[in-house]
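Structure first, then comments.
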Amino acid sequence: MATRWTGWASSALLWSATGCSAGDFALGAGDSGLGAAADEDGAGGGEDGGDGTAGYWWKLSATLPVVDGALRAEGASLAVVVLDDSAAVACEVSLDLTEAEPLEVPDPVIYAWWRLSSSPWEGACGVQSLPSPLPETLELGVGALHPEIEVMLPSVEALSPLAYPQINAAYARLGEDAPVFAYGLAGVEAAYLGEGSRVEQAPLPDGEYVVQAIFAFDY
Numbered sequence: 029m030a031t032r033w034t035g036w037a038s039s040a041l042l043w044s045a046t047g048c049s050a051g052d053f054a055l056g057a058g059d060s061g062l063g064a065a066a067d068e069d070g071a072g073g074g075e076d077g078g079d080g081t082a083g084y085w086w087k088l089s090a091t092l093p094v095v096d097g098a099l100r101a102e103g104a105s106l107a108v109v110v111l112d113d114s115a116a117v118a119c120e121v122s123l124d125l126t127e128a129e130p131l132e133v134p135d136p137v138i139y140a141w142w143r144l145s146s147s148p149w150e151g152a153c154g155v156q157s158l159p160s161p162l163p164e165t166l167e168l169g170v171g172a173l174h175p176e177i178e179v180m181l182p183s184v185e186a187l188s189p190l191a192y193p194q195i196n197a198a199y200a201r202l203g204e205d206a207p208v209f210a211y212g213l214a215g216v217e218a219a220y221l222g223e224g225s226r227v228e229q230a231p232l233p234d235g236e237y238v239v240q241a242i243f244a245f246d247y
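Each residue of the sequence shown is one higher than the last, beginning at 29 in the working numbering.
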């Protein structure tokens with residue numbers, strides 16, 4: 029699984045993380061044993077499996093309402109932005125969550141962890157008719173700010189420095205046996221505005237958590 033950083037809410041490919049593979053990160057980074065998603069070689073998307081996905085990348089964002097410490101599927105959604113190898117947006121697809129199953133966290137630095145199911149993709153990706161990049165098993169969580177995410181904060185143009193002490197990291201596992209990656213930012217609206225305080229333990233306080241991708245995954 030190769031990934032790259034694509035900037036904040038933009039199709040411009042600004043920077044490509046290098047030097048670490050998914051296998052490297054699965055062995056650990058820092059104290060947590062988890063790593064941030066990073067591109068192995070800065071090249072385009074993965075090999076073409078015959079479905080026309082070579083050279084494409086995708087970013088995963090989400091809106092996750094937490095009520096009484098639990099993720100409520102009603103009102104929750106996933107947002108997928110597909111980019112081609114020139115970083116142009118191929119399509120943007122919004123999917124409603126249909127189920128959110130709480131799971132045991134895979135690491136103590138993660139405070140909430142869910143297996144998510146969404147509404148069907150149904151060929152929604154523009155004229156390219158690209159298949160869904162979402163794995164059959166998608167797990168997502170909110171946790172401590174991973175150092176490889178923290179180092180990227182000054183490069184996120186739309187994020188105020190006031191938010192740096194408040195924001196958390198978003199973690200994902202793309203498949204049942206896949207490694208866990210820190211790949212983006214997570215927080216309620218106040219956190220993005222630099223207000224309140226960072227979540228540092230479970231359970232998550234109630235609120236609508238917005239997940240924004242920093243790294244994009246390949247197909």
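Even for Gly, the Cβ is constructed at its ideal location relative to N, Cα and C.
Between the alpha carbons of V108 and P175, how many angstroms are there, rounded?
Taking the sequence shown and counting its residues from 1, the one referred to as residue 108 is at position 80. Taking the sequence shown and counting its residues from 1, the one referred to as residue 175 is at position 147. The straight-line gap from Cα to Cα measures roughly 25 Å.
Assign T126 to one of two classes, buried (16 or more other C-beta atoms within 10 Å of its C-beta) or exposed (fewer than that).
As a first step, residue 126 must be located in the sequence shown, where it is residue number 98. Exposed: under 16 other Cβ atoms inside 10 Å.
Quick one: give me the first and last residue of the alpha helix (DSSP H) that P175 is part of.
As a first step, residue 175 is located in the sequence shown; it is residue number 147 there, counting from the start. Start and end: 175 to 178.
Give, in chain order, every unbroken run of the beta strand (DSSP E) that is at least 3 residues long and sits entirely within the stretch 90 to 137.
105 to 111, 117 to 130
Between Y199 and L181, is the Cβ-Cβ spacing less than 8 Å?
What you label residue 199 is simply residue 171 of the sequence shown in a count that begins at 1. What you label residue 181 is simply residue 153 of the sequence shown in a count that begins at 1. It is not a contact, given that the beta carbons lie outside the stated cut-off.
Starting from the C-beta of S147, find all residues in its chain whose C-beta is less than 7 Å away, skip the five residues before and the five after it, and write them out in chain order.
Taking the first residue of the sequence shown as 1, we reach residue 147 at position 119. Closer than 7 Å at the Cβ level, and outside the excluded window around S147, lie L123, D124, T126.
Sheet register partners of G169 (DSSP bridge)
Start at 1 with the first residue of the sequence shown, and residue 169 comes out as number 141. DSSP output for G169 lists W141, Y199 as bridge partner(s).
Rounded C-beta distance between P189 and W86? I'm assuming under 8 Å.
Locating residue 189 in the sequence shown gives position 161, counting from the first residue. Locating residue 86 in the sequence shown gives position 58, counting from the first residue. The pair is not a contact, with the Cβ atoms about 28 Å apart (cut-off 8 Å).
V117 versus P233: straight-line alpha-carbon distance, rounded
By 1-based counting over the sequence shown, the position of residue 117 is 89. By 1-based counting over the sequence shown, the position of residue 233 is 205. Cα to Cα, the separation comes out at about 34 Å.
Quick check on this structure: which residue in V239, F243, Y247 has the alpha carbon closest to the alpha carbon of A104?
Along the sequence shown, one-based indexing puts residue 104 at 76. Ranking the options by Cα distance to A104, first place goes to V239.
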